[in-house]
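Visitor:
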Amino acid sequence: MKQKIMSRIFSFLFLMCAATFLFAQTAADFTFENTPEGNALPENGILWGSNYSLNIQSTIKHAGNNALELVRNADAGEKDFGCFVFAVPVTFSGKTAQFKAFMKTEAVTDGYASLFVSIEGSGNNYYFTNNVSNLKGTNDWYEFNTPQFSLGKGAETMYVGVILKGNGSLWADDFQLLVDGKDYLKAPKIKGADFKADQDTAFSTSSGIEIGITNRVQVDNIALLCKVWGFLKYYHPAIAAGNYNWDNELFRFLPSYLPITDSKQRNDSLLAWVSKLGPVSGKGNKMKIKKNTKLTPELNWITDTTMLGSGLSAALVQIRNTKRVENNYYISLNKNVGNPSFNNERSYKTISWNDDGFRLLTVFRYYNMIEYFFPNRHLIGEDWHNIPNEFILKMIAAKDEIEAQKVVLEMITRINDTHAYPKFGEEFSNDFYGRNYANYKLTFIENKAVVSGYLNESMMKDDDLQIGDIIIDINGETVQQKVDRLKKHVPASNEAARMRNIAGFLLRSNDRGITVTYVREGKTASKSLPCHTPEAIFAKTNTGAESAAPTWRFMTPEIGYIYLGTASNKELSKMMGELRLTKGIIIDIRCYPSDFTVFTLSQYFNLKKTPFVKFSNGSIQNPGMFTFGKPLSVPGMKSAYNGKVVILVNETTQSSAEYHAMAFRASPVASVVGSTTAGADGNVSLITLPGGITTYISGIGVYYPDGTETQRVGIVPDVVVTPTLRGYLDGRDEVLEKAVQIIEGK
1175 MKQKIMSRIF SFLFLMCAAT FLFAQTAADF TFENTPEGNA LPENGILWGS NYSLNIQSTI
1235 KHAGNNALEL VRNADAGEKD FGCFVFAVPV TFSGKTAQFK AFMKTEAVTD GYASLFVSIE
1295 GSGNNYYFTN NVSNLKGTND WYEFNTPQFS LGKGAETMYV GVILKGNGSL WADDFQLLVD
1355 GKDYLKAPKI KGADFKADQD TAFSTSSGIE IGITNRVQVD NIALLCKVWG FLKYYHPAIA
1415 AGNYNWDNEL FRFLPSYLPI TDSKQRNDSL LAWVSKLGPV SGKGNKMKIK KNTKLTPELN
1475 WITDTTMLGS GLSAALVQIR NTKRVENNYY ISLNKNVGNP SFNNERSYKT ISWNDDGFRL
1535 LTVFRYYNMI EYFFPNRHLI GEDWHNIPNE FILKMIAAKD EIEAQKVVLE MITRINDTHA
1595 YPKFGEEFSN DFYGRNYANY KLTFIENKAV VSGYLNESMM KDDDLQIGDI IIDINGETVQ
1655 QKVDRLKKHV PASNEAARMR NIAGFLLRSN DRGITVTYVR EGKTASKSLP CHTPEAIFAK
1715 TNTGAESAAP TWRFMTPEIG YIYLGTASNK ELSKMMGELR LTKGIIIDIR CYPSDFTVFT
1775 LSQYFNLKKT PFVKFSNGSI QNPGMFTFGK PLSVPGMKSA YNGKVVILVN ETTQSSAEYH
1835 AMAFRASPVA SVVGSTTAGA DGNVSLITLP GGITTYISGI GVYYPDGTET QRVGIVPDVV
1895 VTPTLRGYLD GRDEVLEKAV QIIEGK
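Position one of the sequence shown corresponds to residue 1175 (the numbering used here), numbered consecutively onward.
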């Protein structure tokens, strides 16, 4: 029972984070010394939570030059937290482990600062602690430690770090993980944990590759190599076994391959390269297409003897037909959920973007991850097989490091997934988006950029722009021109989500001010706006406890309202007890849920168990294949609520919020009102690219039980209501008004 309880706690933490975060499986060195000052994460570092800022800084530290700082942002709510951890693959053995770190705090109130440890795995070894230190107030540097805990059997990943919840600041330094009283790196290795690929570090800082593309044949040859390289990476048993560092093998092969212009010589060269990997059986893997098959691998190209020649084609077909083991050095599917974990992908944080080899590797790696393990490959909206030819040419032609990274961002955007949030280095982010912020939130209403709030209310002035002002020009560039310029570099599943995200970039600049032209009450005017550093605009504000609106309330004596952004499982019984006699309940999911109430709240709206979703998952045996699992159901109860249930959604309804909407919609008394949601549901998977770039994909396909898509299309409302500019200026919530009308039968 204890294990189940702890599992639920940790599941809740992950759901609050809106993602399942993965990592490259290399030993963490627990240092902040090699990470530049700023918000970049150290190697194997992960930041969980929301509305807390991480900073590697040198002003306040315990030892060495740098230390970690966690700070609560001004707009953080009661449910937000910040948690930094190192992800440590458990490749070592021992009886007990203990985590230590030095921490310092300032003005921590309404929460706590603490060490954080969690172990994930397949055995009965679950361990979790997030409040062992329970620090409050202001405390100078002191070394804290967890109790010793058992490693158990089946441990796969350990997360160690610090967590801050509430107001204040936390600094942390000098992390230590001990196994049986000694540094974990000195602990005995688990048998089979060493791979030949890990010993090959030949090209960790430079590939030595220079490419001068002069004709289309060269591009086509490199594009073919991209496909062969990726096919072998995920299909060949020797690579799956970790016998080859496949990045380095590419760099070794390129010098002899790049000069080739004759197709026969090209194919012979590829065949010789494939043959060096050793023989395969060519047996044991006959792919079966079943009723639950959603996608099959798109491997017709390996049988094209006209393009490949008979020898190379036969070799690739034999590899395809060979049975594969489930333990693959580069890829695994996460237990229970089934989203991909891209393992052992080197980040090469210190490489130069002028290195042509790493430019190619970026295209090769990303293209093949999407080709074989993106469950929504069929929804991309174009032929993904054309991507290598286009982006190889763009990457090599990029004139400098900034342009090369723009090409990477464009490639990421092309999968049309709102979850594909990219994180680049500070230099690129500042150059492309602008480092500084004008103090305004913008929302697109009727295709107009409308001032809808302030980033930091303490910075407001009497002569500021007002809520409802319409921005039409920024520094001489119309809003539409800037939108068109940004569009191909802002990942999103649909236009509603893309415009939502673009709105956050419009008023950013590297200058300390911008000039905007705006419309207020039909009159046009211009104004200079100051731009603030992120440190200033998102500075902590120790204003005490927030006066948040209640989770539920009565809009009228017969209509209840629930806001999922603050609702928690512990209050559901009381809440539904008070609302059970109403004529209708409105559930507002124009937010991110603060707790996972998919099953606990849905049961009140169903008399019996009701299917609401099914997922598609990838395959290690046949990369590129995706199959449906059995539908999941929400529970019911005999005394189910018999009034109307109206669910409110819009473009901010994303991921877990969309999942909740699907569950609530399964009720026969429910309807959905609003506009297009973000169209990105399901657990996400981390992708690590050269240069320290990270991004994500929706790692599982999410469908209604009948197979209807949710990715890109989102949760389609039963009644479409899009806010109008007039309604917004009048202070009306037209979506909420429509929900009330539906309940009242108007």
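Beta carbons are placed, not taken as given, at the ideal position from N, Cα and C, and that holds for glycine. Please read these numbers as outputs of a predicted model, since none were measured by experiment.
#1: Are at least three pairs of beta-carbons, each pair with one atom in the segment 1234-1250 and one in the segment 1339-1352, less than 8 Å apart?
#2: For the beta strand (DSSP E) that contains S1859, what are its first and last residues?
#3: Using a Cβ-Cβ cutoff of less than 7 Å, which residues in the same chain neighbour K1468 once the five nearest sequence positions on both sides are dropped?
#4: For I1364, which of helix, strand or coil comes out of DSSP?
#5: For F1679, which beta-bridge partners are listed by DSSP?
#6: Report buried or exposed for N1247, applying the criterion of at least 16 other Cβ atoms within 10 angstroms of its Cβ.
#7: Can you round the beta-carbon distance between N1514 and S1859 to whole angstroms, since I take them to be within the 8 Å contact cut?
#8: For my contact list, I1544 and R1551 are in at a C-beta cut-off of 8 Å; report their separation, rounded to the angstrom.
#9: Can you look up F1548 in the DSSP assignment and give me helix, strand or coil?
#10: Skipping 5 residues on each side, what residues in its chain have a beta carbon closer than 6 Å to that of T1209?
#11: Do T1331 and V1264 count as a contact pair if the criterion is CB distance below 8 Å?
#12: Would a C-beta distance cut-off of 8 Å place T1303 and V1291 closer than the cut-off?
#13: Quick check on this structure: which residue in T1869, I1736 and N1668 has the alpha carbon closest to the alpha carbon of M1749?
#14: CA-CA distance, L1444 and W1475?
#15: Based on the DSSP secondary-structure assignment, which residues constitute the bridge partners of Y1316?
#16: Can you say whether R1949 is buried or exposed, counting buried as having 16 or more other CB atoms within 10 angstroms of its CB?
#17: What residue range is occupied by the uninterrupted alpha helix (DSSP H) comprising R1390?
#18: Residues bridged to C1257 by DSSP?
#19: Between V1511 and G1599, what straight-line distance do the alpha-carbon atoms span, to the nearest angstrom?
#20: Just checking my contact of V1693 with I1648 at CB under 8 Å: how many whole Å lie between their CB atoms?
#21: Would the segment 1515-1527 count as touching the segment 1470-1485 if we require 3 or more Cβ pairs under 8 Å?
#22: What does the Cβ neighbour count give for G1627, buried or exposed, with the cut at 16 atoms within 10 Å?
#23: Name the two residues that bound the continuous beta strand (DSSP E) containing E1500.
#24: Let me make sure I understand the geometry here. Which of N1466, L1680, Q1640 and H1706 has the alpha-carbon closest to that of E1695?
#25: So which of V1262, K1269, N1308 and L1473 has the shortest CA-CA distance to T1283?
#26: Flag this pair as yes or no: are the beta carbons of D1892 and S1845 separated by less than 8 Å?
#27: Out of G1326, D1354, Y1333 and K1274, state which residue places its alpha-carbon closest to the alpha-carbon of W1315.
#28: Please return the same chain residues whose Cβ sits closer than 6 Å to the Cβ of L1398, not counting the five positions on each side in sequence.
#29: K1468 by DSSP, collapsed to three states: which one?
#30: Which same chain residues, not among the five before or five after F1773, have their C-beta less than 8 Å away from its C-beta?
#31: Below 6 Å CB to CB, which residues in the same chain sit around K1370 once its five sequence neighbours on both sides are set aside?
#32: By how many angstroms is the C-alpha of E1669 removed from the C-alpha of A1201?
#33: What are the complete alpha helix (DSSP H) segments, minimum 4 residues, inside the segment 1547-1633?
#34: Looking at C-alpha atoms only, which residue of N1796, Q1885, A1723 and T1740 is the closest neighbour of V1499?
#35: Considering just the uninterrupted stretch of the alpha helix (DSSP H) at D1658, what are its terminal residues?
#36: Can you list, in chain order, the stretches of the beta strand (DSSP E) that have 3 or more residues and sit fully within the segment 1785-1836?
Guide: On the basis of the coordinates in this document:
#1: Verdict: yes, contact present.
#2: V1858 to L1863 is the extent of the beta strand (DSSP E) around S1859.
#3: The beta carbon of K1468 sits closer than 7 Å to those of S1790, F1800, T1801, F1802 and G1875, all from its chain and outside the five residues before and after it, given in chain order.
#4: I1364: coil per DSSP, three-state reduction.
#5: Bridge partners of F1679: none, in fact.
#6: Buried, by the Cβ-count rule.
#7: Here residue 1514 turns out to be Pro, not Asn, going by the sequence shown. 5 Å between Cβ atoms; contact.
#8: So it is a contact: roughly 7 Å between Cβ atoms.
#9: If DSSP states are grouped into helix, strand and coil, F1548 belongs with coil.
#10: For T1209, where only same-chain residues beyond five positions count, the Cβ hits under 6 Å are P1216 and I1230.
#11: Inclusion of V1264 and T1331 in the CB contact set at 8 Å is warranted, their separation being smaller than that value.
#12: Yes, they are a contact pair.
#13: With respect to the C-alpha of M1749, the residue from T1869, I1736 and N1668 having the closest C-alpha is I1736.
#14: In this model, L1444 and W1475 are separated by some 15 Å (Cα to Cα).
#15: Beta-bridge pairing by DSSP links Y1316 to M1277.
#16: The question about residue 1949 has no answer, for the chain in this structure spans 1175 to 1920.
#17: Counted as a single uninterrupted DSSP element, the alpha helix (DSSP H) harbouring R1390 occupies residues R1390 to Y1409.
#18: Note: C1257 sits in a beta bridge opposite W1222 and I1337.
#19: For V1511 and G1599, the distance between alpha carbons rounds to 30 Å.
#20: Contact flag wrong, Cβ pair sits at about 14 Å.
#21: Between the segment 1515-1527 and the segment 1470-1485 there are fewer than three C-beta pairs closer than 8 Å, too few to call the two in contact.
#22: Its Cβ having fewer than 16 others within 10 Å, G1627 is exposed.
#23: Counting along the chain, E1500 falls outside any beta strand (DSSP E), and DSSP gives it neither H nor E.
#24: For E1695, the closest of N1466, L1680, Q1640 and H1706 by C-alpha to C-alpha distance is Q1640.
#25: Of V1262, K1269, N1308 and L1473, the residue nearest in Cα terms is N1308.
#26: Closer than 8 Å, so yes.
#27: Measuring from the Cα of W1315, the nearest candidate turns out to be K1274.
#28: None.
#29: Secondary structure at K1468: strand, using DSSP grouped into helix, strand and coil.
#30: Counting only Cβ-Cβ distances below 8 Å, and skipping sequence neighbours, we find V1808, P1809 and A1837.
#31: Taking C-beta separations shorter than 6 Å and ignoring five residues to either side along the sequence, the partners of K1370 in its chain run N1417, following chain order.
#32: The pLDDT assigned to A1201 is 46, lower than 50, so where the model puts this residue is not dependable, and the model offers no usable value.
#33: Fully contained in the segment 1547-1633 are the following alpha helix (DSSP H) runs of length 4 or more, in chain order: 1561-1571, 1575-1587 and 1600-1607.
#34: Check the Cα spacing between V1499 and each of N1796, Q1885, A1723 and T1740: the tightest is with N1796.
#35: Per DSSP, the unbroken alpha helix (DSSP H) holding D1658 starts and ends at V1653 to L1660.
#36: Here the runs fully enclosed are 1800-1802, 1806-1808 and 1818-1823.
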